[in-house]
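Read top to bottom, the protein sequences are chains U and Z. Residue 164 in this note's numbering is what sits at position 164 of the first sequence, and the numbering runs on without skipping anything. With the second sequence counted from 1, adding 185 to any position gets you this note's numbering. Cβ atoms here follow ideal geometry from the backbone N, Cα and C, with glycine treated the same way. Remember, it's a predicted structure, so these values are computed and weren't measured experimentally.
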Amino acid sequence: MKKTIITLLSFLSVSAIAMEPMSADDMGMVTGQGGVYLSGDLTINENGGPLNVDGPSAWQASCDTATADAVCGARIAVNTGDNAGSSGWFVLDNIRGRFSFEGLTLKTRTINSGFEGDGAAFNSDVLEVGLPNSLEYESVSLTVANSSSARPTDANFQQTNIFTLNINGQANLQGNLLVYPTGTP
Amino acid sequence: MTKYLPLTVLLSGLFSSFPALAELQLLDDSALGNVEGEGIGLVLEDFAFEAGEDVANGNRLDISGITNKDGDDVVLSISQFYIAGAGSNQGADVIGNPVNLGRLLYPYNIELVDGDEIGIDGRAVFEFASPARFTGSSSKAYSLLGYNTESRTESRFPGQATASGERIDSISAIDTSVLSSRDSELADIGVRFDLEVDSVRAQSLQAHASGVAVDGSSLRLWGADNQMVSNINLNLYIQDLTVFACDADGNNCGADVNLQNFVLESQLGYGEEQPVTFEVEADGNFTVEVGSIEGKTTAFYNDFYTQGPRTDIYIDKVMVGDADFGSATVANLQIQYLRATSRDL
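Structure (structure tokens):
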């Protein structure tokens with residue numbers, strides 16, 4: 001029994017003695033491994049929009065009102081500006097819906113081979129975003145429009161809708177998005 | 186004591202590795218000066234995308250808000266939009282048939298560029314660029330089109346000074362060696378959509394492109410006089426583009442309109458001298474403008490003539506059904522001024 005313990009201890013000490021300081025070069029080779037697996041579910045303006053009072057005609061503070069084609073989603077208005085002082089706004093209006101995905105992965109990866117020979121020349125780290133296999137949309141919609149003012153409740157509000165995009169159901173995709181610094185940072 | 190020996194050795198081993206941490210060194214000023222904010226490269230590896238497929242199961246991608254002349258709602262209902270690798274068989278083989286978009290050494294790039302280096306003095310310019318182009322071997326530099334040229338001297342703008350330079354006479358060849366994307370990195374992209382008029386599905390239209398590359402394209406944005414200004418470079422190369430229409434059920438399709446070796450090389454705007462702007466007026470209409478070059482110096486016209494932005498379009502072969510319409514060329518199109526404004530109907 002004693003013999004066994006001594007043998008074990010001797011193995012331990014041998015391996016412990018084998019630990020050596022790492023050179024800076026060796027330390028440089030150590031990279032963080034592992035990664036992150038993400039699922040997401042985002043619902044925008046299911047019940048109401050950015051208005052706290054109702055605007056003209058269709059624009060509503062709440063989606064619950066009985067008005068047909070109520071505009072109650074989020075609104076992004078960008079002033080395009082110009083020298084003559086015109087004050088028009090480019091608008092993404094009535095942004096609503098639910099968007100979800102399962103299985104987006106984030107990790108770092110060293111590429112030093114493959115890519116038809118590019119990998120060896122590249123020999124660097126990248127951030128790899130593994131794209132989810134599917135994106136689920138549920139009644140996602142937005143309207144692209146031009147408007148005279150930022151908010152529908154502003155005086156003399158006028159808006160021209162250009163088109164409306166509606167997405168429902170599933171989009172399938174595969175692959176990785178590789179992100180890395182270019183040049184010599 | 187003997188039984189603690191391994192522990193002692195282990196601890197001393199651990200501590201003795203600490204000097205490696207001391208390798209962190211201060212950067213001197215000259216080394217810091219070499220640190221430069223560069224761009225972010227993006228590559229889509231083994232990528233395929235498909236949306237709107239399987240309408241029967243509720244997948245929809247609709248563009249609405251358009252009406253026809255009778256006031257009926259017209260909906261463009263996309264029943265498939267796809268990006269895939271070569272041989273997708275018009276969208277039948279998408280997932281599992283991926284393509285690399287961008288190359289490690291020639292990625293899509295997002296960068297804040299020093300305006301002084303690209304003729305936009307004193308501005309930081311945001312640039313989104315597709316994979317760079319090589320200098321051509323048989324064509325002009327950075328162009329897919331091999332030209333036969335002729336020298337011309339003429340006015341660049343009505344009533345203004347004349348300028349001389351080479352202009353395209355005819356297209357001699359397509360030089361794909363300027364593409365940094367390899368053959369295997371050219372995508373298949375297509376769309377099938379149904380035209381729905383007043384809630385009745387009226388017609389199905391399909392467009393399928395194979396061998397698509399956008400190498401050398403870029404979008405530059407900067408701010409000047411409280412306004413966002415841009416320059417746009419749009420390069421598009423399609424080996425084969427097929428467009429056809431079918432009945433509402435996707436059957437009884439008409440003749441294919443087939444374009445082979447379609448090349449679009451378009452530049453809009455010329456630095457600060459000819460800015461491209463997008464404005465929305467107070468009445469809710471929008472204006473797209475490519476700045477006027479009226480009243481510039483002769484030196485500017487000479488430069489604009491030789492280096493300035495231009496648009497070339499070339500189609501190697503146009504086929505409608507079995508009929509061959511030959512090739513089509515639009516070359517040396519230079520925009521002196523463009524203003525497009527929307528109006529309410």
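Contacts around residue i, its chain only, beta-carbon distance under 7 Å, and the 5 residues preceding and following it disregarded
i, result
"Z/Val382", "Asn253, Asp257 and Val259"
"Z/Ser395", "Ala271, Asp373, Gln424 and Asp425"
"Z/Leu289", "Val228"
DSSP-derived helix/strand/coil call for residue i
i, result
"Z/Gln388", "strand"
"Z/Ile303", "helix"
"Z/Asn411", "coil"
"Z/Asn436", "coil"
"Z/Val363", "helix"
"U/Val53", "coil"
"Z/Val240", "helix"
"Z/Phe319", "coil"
"Z/Ser369", "helix"
"U/Phe115", "helix"
"U/Asp26", "helix"
Chain-order list of residues whose beta-carbon lies under 6 Å from that of residue i (same chain, five-residue window excluded)
i, result
"Z/Ala326", "Thr320"
"U/Trp89", "Ala77, Asn79, Ser147 and Ala150"
"Z/Ala236", "Leu246 and Phe266"
"Z/Val442", "Val428 and Val505"
"Z/Gly435", "Ser389"
"U/Val179", "Leu127"
"Z/Val549", "The structure shown does not extend to residue 549 of chain Z, since chain Z is modelled only from 186 to 530, so the question has no answer here."
Proximal chain U residues relative to residue i, where beta-carbon distance stays under 7 Å
i, result
"Z/Glu450", "The premise fails here: Z/Glu450 is roughly 24 Å from chain U at the closest Cβ pair, so nothing lies under 7 Å."
Residues near residue i in its chain [Cβ-Cβ closer than 8 Å; skip 5 each side]
i, result
"U/Asn156", "Ser148 and Ser149"
"Z/Ala430", "Gln388, Ser389, Leu390, Gln391, Cys438 and Gly439"
"Z/Met413", "Leu406, Trp407, Thr462 and Phe463"
C-beta neighbour in chain Z for residue i, strict 8 Å
i, result
"U/Asn186", "Outside the displayed range of chain U (1 to 185) lies residue 186 of chain U, so it cannot be described from this structure."
"U/Ile162", "yes"
"U/Tyr180", "yes"
"U/Thr80", "yes"
"U/Gly169", "yes"
"U/Ile44", "no"
"U/Asn83", "Any reading at U/Asn83 is ruled out, since the residue's pLDDT is 49, under 50, leaving its predicted position unreliable."
"U/Asp125", "no"
"U/Asp69", "no"
"U/Ser39", "no"
"U/Phe101", "no"
"U/Glu116", "yes"
Where the beta strand (DSSP E) through residue i begins and ends
i, result
"Z/Gln345", "Z/Gln345 -> no beta strand (DSSP E), and no H or E assigned at all."
"U/Ala155", "No beta strand (DSSP E) contains U/Ala155, which DSSP labels as neither H nor E."
"U/Ala74", "Ala74 to Asn79"
"U/Glu102", "Trp89 to Ile111"
"U/Gly40", "Gly35 to Ile44"
"Z/Gln445", "Val442 to Leu453"
"Z/Ile248", "Arg245 to Thr252"
"U/Glu138", "Ser134 to Ser147"
"Z/Phe313", "Ala309 to Ala314"
"Z/Asn285", "Val284 to Leu286"
Min CB distance residue i to chain U below 8 Å
i, result
"Z/Val298", "no"
"Z/Val228", "yes"
"Z/Ser215", "With a pLDDT of only 49 at Z/Ser215, under 50, the local geometry of the prediction cannot be trusted, and no value is derived from it."
"Z/Leu290", "yes"
"Z/Asp368", "no"
"Z/Gly224", "yes"
"Z/Glu235", "yes"
"Z/Phe319", "no"
"Z/Leu404", "no"
"Z/Asp306", "no"
"Z/Met413", "yes"
"Z/Ser249", "yes"
"Z/Ile280", "yes"
"Z/Pro316", "no"
"Z/Leu246", "yes"
"Z/Gln460", "Per the sequence shown, residue 460 of chain Z should be read as Pro rather than Gln. With 8 Å as the cut-off, Z/Pro460 does not count as an interface residue toward chain U."
Cutoff 8 Å: residue i Cβ touching any chain B Cβ
i, result
"U/Leu92", "Annotation note: the requested chain B is absent from the structure, which comprises protein chains U and Z."
Residue range of the unbroken alpha helix (DSSP H) whose run includes residue i
i, result
"Z/Gln492", "Thr483 to Gln492"
"Z/Ala326", "Taken as a continuous stretch (DSSP letters only), Z/Ala326 belongs to no alpha helix (DSSP H), as it is neither H nor E."
"U/Ala121", "Asp118 to Phe122"
Partner residues on chain U for residue i, Cβ-Cβ distance less than 9 Å
i, result
"Z/Phe313", "Result: empty, since nearest Cβ-Cβ is about 13 Å, beyond 9 Å."
"Z/Phe232", "Leu131, Leu173, Gln174, Gly175, Asn176 and Leu177"
Interface residues of chain U facing residue i [CB-CB closer than 8 Å]
i, result
"Z/Gly243", "Asn168 and Gly169"
"Z/Asp529", "Thr160"
Interface partners of residue i on chain Z, CB under 7 Å
i, result
"U/Trp89", "Val465"
"U/Gln158", "Asp468 and Gly469"
Residue i Cβ short of 7 Å to the ligand FAD heavy atom set
i, result
"Z/Gly408", "Summarising the ligand content, the structure contains no ligands, and the ligand FAD is consequently not present."
Under 8 Å from the C-beta of residue i: neighbouring residues of chain Z
i, result
"U/Thr143", "Gly250"
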